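Just add 1 to the spot in the sequence shown (first one is 1) and you have the working numbering. Cβ coordinates follow ideal geometry from the N, Cα and C atoms, glycine included. Note that the structure is predicted; figures quoted are calculated from it, not measured. The block underneath contains the structure these notes are about, expressed in C-alpha cells.
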Amino acid sequence: MTSQLVPDWYHLKMAMNLRLSPEQAKALKKAAAEDGISMQEAALRAIDAYTSRRRKVILESIEKIRTEDAELLRRLSQ
C-alpha cells in the first residue's frame, strides 16, 4: 500500500506562488491597472499567450519538417 502526501483532487486546480522581481511586479501592476484587470488575470493572460505562441511554433516546425523532408520521411518509413 502506498501513502499519498497530497490528495488527487488537489492537482486538478493547483495553486502556485509566483515570485516576481520588484520591477516585474511594478510592470505587471501597471499593465493590469491600465487594462482594468487584476494582476492575477494579467498573469493568466500572459501565460495563455506564451503557451499558445509556443504551441504554434512547435506545430509550424513539425509541418515544415513534414513538407521539406517528405521524401526522406517516406524512405525512412519503409
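Alpha carbon of residue i to alpha carbon of residue j, nearest angstrom
i	j	result
Leu73	Glu64	14 Å
Ile43	Glu69	A small fix is needed here, since residue 43 is Ala in this sequence, not Ile. Those two C-alpha atoms are separated by around 39 Å.
Leu13	Arg54	24 Å
Lys30	Leu77	53 Å
Tyr11	Arg46	23 Å
Gln25	Val58	26 Å
Ala50	Leu60	15 Å
Met17	Ile66	37 Å
Arg20	Ser62	32 Å
Cut-off 7 Å between Cβ atoms - residues of its own chain near residue i, not counting five sequence neighbours on either side
i	result
Met80	In the structure as shown, the chain begins at 2 and stops at 79. Residue 80 is therefore absent and cannot be evaluated.
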